[in-house]
Amino acid sequence: MNATLFGLCAAALVGIGLYGLIVNPQPLRKILSFNLIGNGVFLVCAVIARKGAALGMAGDPVPQALLITAIVVAFSASALAVALLLRLFEVSGTTSLDEDSPARTDRDGQPS
Amino acid sequence: MSVVLDLALILVILALALWVMLARETFVAVTSFIAYGLLLTLAWVRLGAVDVAMTEAAIGAGLTGALLIGAAARLRKSGYTLRRAQASLPRRILAMAVSVAVSAVLAACLLWLPEPPSTLVPEVAAAIPVTGVGNPITAVLLAFRAMDTLLEAIVLLFALIGVWSLAPNELWGTRPDVPHHADPQDVLAYVARVLPPIGIVVAVYILWVGADHPGGKFQAATILAAMWLLVMMAGLVKAPPIGRRALRAWLVAGPLVFVAIGVYGAVSAGAFLAYPEAWAKPLIVVIEVALLPSLAITLALLLIGAPRGASTT
Amino acid sequence: MSLFLDAVTVVAVLLGMFFFLAGTVGLLRFPDSLTRLHALTKADNLGLGFVVIGLLPQTHSLLAAAKLVLIWGLVMWASAAVSQLIARSVREESEP
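Residue numbers (the numbering used here), protein chains in the order written: chain Z, 3 to 114; chain L, 42 to 354; chain B, 6 to 101.
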């Protein structure tokens with residue numbers, strides 16, 4: 003019962019992250035949304051692991067071990083994404099990928 | 042009663058996730074993300090995944106939060122405005138429709154999971170005594186699915202190479218830029234002198250106890266990486282130049298030992314990364330101890346990023 | 006005996022929650038950063054302290070109790086250092 007509640011929470015998190023990913027033109031926000039979607043998927047795996055609990059173990063250890071791997075790899079993906087973002091900012095002076103975004107200003111804050 | 046607790050936790054997690062999406066200032070969004078990550082740690086504990094909770098607290102909330110705060114601060118220091126840009130109405134409606142559809146499909150799949158649930162616990166319980174470790178997650182990570190752990194260590198190295206390759210050509214091989222305070226009388230310098238010994242002891246303890254209790258090398262490596270980052274950010278130590286051979290040797294030492302043990306297993310026990318019967322526990326310990334410094338250095342260097350030109354502040 | 010220990014746990018954790026609530030209300034309602042830092046220290050010291058004191062009767066080994074107290078000590082120490090850093094950056098930002 004509790005595991006199902008967390009499963010619904012995970013579905014909601016994926017939805018929220020997906021909304022933010024599509025709507026926000028700024029890459030830093032997109033990285034945050036990507037992390038939210040990832041965490042939602044991890045929560046789904048943990049719910050499945052919890053449902054597989056038996057024989058004195060609180061959860062199926064195979065999905066849980068894969069989750070540890072997944073969290074570390076998600077961090078490395080975020081680190082690479084942030085490095086790309088900072089390089090984009092250094093090269094072009096803006097972080098927005100959207101052509102019409104009002105957030106596209108240059109270093110002095112003037113719209114470019 | 043526990044349902045009420047879980048429901049309250051879920052509501053706060055969802056509220057924080059919404060705040061991350063809808064906050065106007067990016068800095069506020071990142072801070073909410075860190076708080077959200079810490080509450081997600083509690084969700085893992087409620088689901089019975091204590092090892093995952095420790096990893097989420099260390100890497101998911103801690104390192105990822107530090108990474109994003111560093112990025113937001115670097116952008117803000119360059120005078121760039123960080124307010125959320127409003128998207129057009131058709132785009133928002135489309136995004137809402139897509140996200141609701143995906144959430145509904147995911148929720149439906151979760152409500153229709155097979156009963157009784159398929160599980161690998163009996164197989165794991167039957168095979169654990171051979172490995173000699175008591176923590177089933179450590180057994181899965183380092184004995185049953187050791188290939189995944191090896192590939193993960195290599196993926197981390199690839200990510201690091203990817204981050205380094207973003208340095209300007211003329212700066213390849215130089216020191217990355219770590220934001221630091223150079224004052225040796227500072228509070229930060231004091232913390233950077235007192236905390237690392239405690240952190241090292243805690244990290245080694247977590248590594249050692251991970252054989253039979255929740256813990257393991259990923260959490261320990263994160264603590265070591267955090268201690269090194271603290272010392273660098275306090276200005277007590279300079280970041281190493283990325284072209285230095287000793288640094289690169291330390292980085293690949295862990296995965297190389299892992300691969301060597303895998304080859305030894307192929308030669309002596311019939312399959313890559315198979316362990317001979319009586320040698321399982323010692324080999325697992327050797328792999329963990331060898332991977333620990335490589336992981337710690339890789340995680341810290343991923344956070345610091347590529348060398349940047351002094352012209353960009 | 007265990008009833009008495011459980012009562013101690015409930016009372017101490019409730020006291021801890023009161024201080025956490027006070028700290029959070031202060032964080033949300035105080036006018037500027039320095040006063041908010043002051044409110045947060047109450048949550049860290051007294052709030053966490055009472056929660057740890059409440060959890061001590063529930064531990065079954067001296068090692069677990071020592072770990073809890075060590076966690077409390079580290080959190081207090083780290084929050085003291087971080088409060089100093091935040092306060093200094095607030096002062097540097099406000100000085101023209």
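Think of the CB as a built atom: it goes at the ideal place given N, C-alpha and C, for glycine as much as any other residue.
query, result
"Coil, strand or helix - Ala44 (chain B) by DSSP", "helix"
"Bounding residues of the alpha helix (DSSP H) (the contiguous stretch that carries Lys258 (chain L))", "Lys258 to Met274"
"Where Val280 (chain L) sits in the DSSP three-state scheme", "A small correction: the amino acid at residue 280 (chain L) is Ala; Val does not occupy that position in the sequence shown. In this structure, Ala280 (chain L) counts as coil in the three-state DSSP scheme."
"For Ile42 (chain L), three-class secondary structure by DSSP", "According to the sequence displayed, residue 42 (chain L) carries Met and not Ile. Of the three classes helix, strand and coil, the one that applies to Met42 (chain L) here is coil, per DSSP."
"Inter-residue CB distance, Ala347 (chain L) and Val204 (chain L) (contact presumed, cutoff 8 Å)", "6 Å"
"Closer than 8 Å at the beta carbon, the chain C residues around Leu90 (chain B)", "Absence of chain C from the displayed structure is noted, the protein chains being Z, L and B."
"Where Ser43 (chain L) falls, given that 16 or more other Cβ within 10 Å makes a residue buried", "exposed"
"Separation of Asp92 (chain L) from Val298 (chain L), as counted between CA atoms", "24 Å"
"Contact check, Ala113 (chain L) vs Thr67 (chain L), beta carbons under 7 Å", "yes"
"Short CB-CB distance (under 7 Å) between Pro63 (chain Z) and chain L", "yes"
"Members of the stretch 63-81 of chain Z near chain L, C-beta cut-off 8 Å", "Pro63, Val64, Gln66, Ala67, Leu68, Leu69, Ile70, Thr71, Ile73, Val74, Val75, Ala76, Phe77, Ser78, Ala79, Ser80 and Ala81"
"Contacts of Gly69 (chain L) in chain B (Cβ-Cβ under 9 Å)", "The identity of residue 69 (chain L) in the sequence shown is Val, whereas the question assumes Gly. Within chain B, no residue comes near Val69 (chain L); the closest Cβ sits about 13 Å away, beyond 9 Å."
"Helix, strand or coil at Met59 (chain Z) according to DSSP, with G and I counted as helix", "strand"
"Chain Z contact residues for Ile178 (chain L), given Cβ-Cβ distances below 8 Å", "Pro63, Gln66, Ala67 and Ile70"
"Residues in the stretch 321-347 of chain L having any Cβ partner in chain Z nearer than 7 Å", "Leu343, Leu344, Gly346 and Ala347"
"Leu147 (chain L) vs Ser78 (chain Z) beta-carbon contact at 7 Å", "no"
"Any C-beta of chain L under 7 Å from that of Ser114 (chain Z)", "Note that Ser114 (chain Z) scores a pLDDT of 43, beneath 50, so its modelled location is shaky and nothing firm can be said."
"For Glu66 (chain L), three-class secondary structure by DSSP", "strand"
"Under the three-state DSSP convention, the category Glu329 (chain L) falls into", "helix"
"Nearest residue (CA-CA) to Val95 (chain B), options B:Thr14, B:Asp37 and B:Asp11", "B:Asp37"
"Chain-ordered neighbours of Val232 (chain L) on chain B, where CB pairs are closer than 7 Å", "Ala86"
"Arg31 (chain Z), buried or exposed, once every other Cβ within 10 Å from all chains shown has been counted against 16", "buried"
"Test: Val25 (chain Z) CB closer than 7 Å to a CB of chain L", "yes"
"8 Å CB neighbourhood of Leu50 (chain L) in its chain, flanking five on each side removed", "Leu80, Leu83, Ala84 and Arg87"
"Inter-stretch contact at 8 Å, needing at least 3 Cβ pairs: the stretch 39-58 of chain Z / the stretch 244-254 of chain L", "no"
"Range covered by the alpha helix (DSSP H) that runs through Arg96 (chain B)", "Leu67 to Ser99"
"8 Å CB neighbourhood of Val272 (chain L) in its chain, flanking five on each side removed", "Ala233, Pro237 and Val278"
"Segment limits, alpha helix (DSSP H) that includes Phe9 (chain B)", "Ser7 to Arg34"
"Proximity of Leu201 (chain L) and Lys258 (chain L) at Cβ, strictly below 7 Å", "no"
"Leu45 (chain Z) to Val45 (chain L) span [Cα, whole Å]", "19 Å"
"Distance between Asn210 (chain L) and Arg109 (chain Z) (C-alpha atoms, nearest Å)", "Confidence in Arg109 (chain Z) is poor, its pLDDT being 44 and thus under 50, which makes the residue's placement too unreliable to answer from."
"Three-state class that DSSP yields for Tyr316 (chain L) in the structure shown", "coil"
"Unbroken alpha helix (DSSP H) run spanning Asn37 (chain Z), endpoints", "Pro29 to Lys53"
"Identity of the residue in L:Val300, L:Ala290 and L:Ala142 nearest Leu324 (chain L) by Cα", "L:Val300"
"Through-space distance from Val18 (chain B) to Pro217 (chain L), alpha-carbon basis", "46 Å"
"Within chain Z, partners of Thr96 (chain L) - CB distance below 9 Å", "Leu69, Ile70, Ile73 and Val74"
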